[in-house]
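Student: Mind the numbering: the sequence shown is residues 0 to 98 in numbering that gives the first Met the number 0, read in order.
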Amino acid sequence: MSEVIDRKFEFIAFNPCKGAIYTHKNGILFLAKDLAVPDMLDAYMKKCEALCCGSEHIHSMALAKERILHYQRTVESHVPDTNLTCEIERCIKGANLNV
């Protein structure tokens with residue numbers, strides 16, 4: 000069995016087009032409020048271009064970035080952190096993971 004990828008969040012995500020289910024065991028979650036996410040998406044899109052990903056994928060990420068920026072302006076924004084004792088134990092030390 001592989002190691003849990005996202006130690007901060009436990010989640011189940013469903014891709015309605017593919018019918019695929021993803022979790023913290025094979026994916027990672029970033030929140031729209033995190034101020035680092037727009038720049039992260041820029042780097043992701045640049046790498047996707049270098050990998051010759053389809054233009055639709057890159058365009059969909061650009062649209063997601065626009066929605067995130069709008070969310071940060073109108074709803075909430077936050078400097079991302081890992082500072083709760085429980086988060087430090089899980090994210091850094093790997094304690095209390097449900098695998």
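Yeah, the Cβ is synthetic: ideal placement off N, Cα and C, and Gly gets one too.
Could you tell me which residues DSSP pairs with Thr22 in its beta bridges?
Tutor: Your numbering for residue 22 matches position 23 in the sequence shown. Thr22 pairs with Ile11.
Student: Please say whether Met44 and Ile57 have beta carbons closer to each other than 7 angstroms?
Tutor: Here residue 57 is taken as the residue at index 58 of the sequence shown, counted from 1. Here residue 44 is taken as the residue at index 45 of the sequence shown, counted from 1. Taking 7 angstroms as the Cβ cut-off, Ile57 and Met44 qualify as a contacting pair.
Student: Sorted by chain position, which residues of the same chain lie with C-beta nearer than 7 angstroms to Pro37's C-beta, five sequence neighbours on each side aside?
Tutor: Reading the sequence shown from its first residue, position 38 is the one you call residue 37. The residues are Lys64, Ile67 and Leu68.
Student: So, at 8 angstroms on beta carbons, what are the nonlocal neighbours of Leu34 in its own chain, with the 5 sequence-adjacent residues on each side left out?
Tutor: Here residue 34 refers to the residue found at position 35 when the sequence shown is read from its first residue. Here the set comprises Gln71, Ser76, His77, Val78 and Pro79.
Student: Have a look at Phe10, Leu50 and Lys32 and flag the residue whose alpha-carbon is nearest the alpha-carbon of Val74.
Tutor: The sequence position of residue 74 within the sequence shown is 75, counting from 1. Looking at the Cα atoms, Lys32 is the closest of the given residues.
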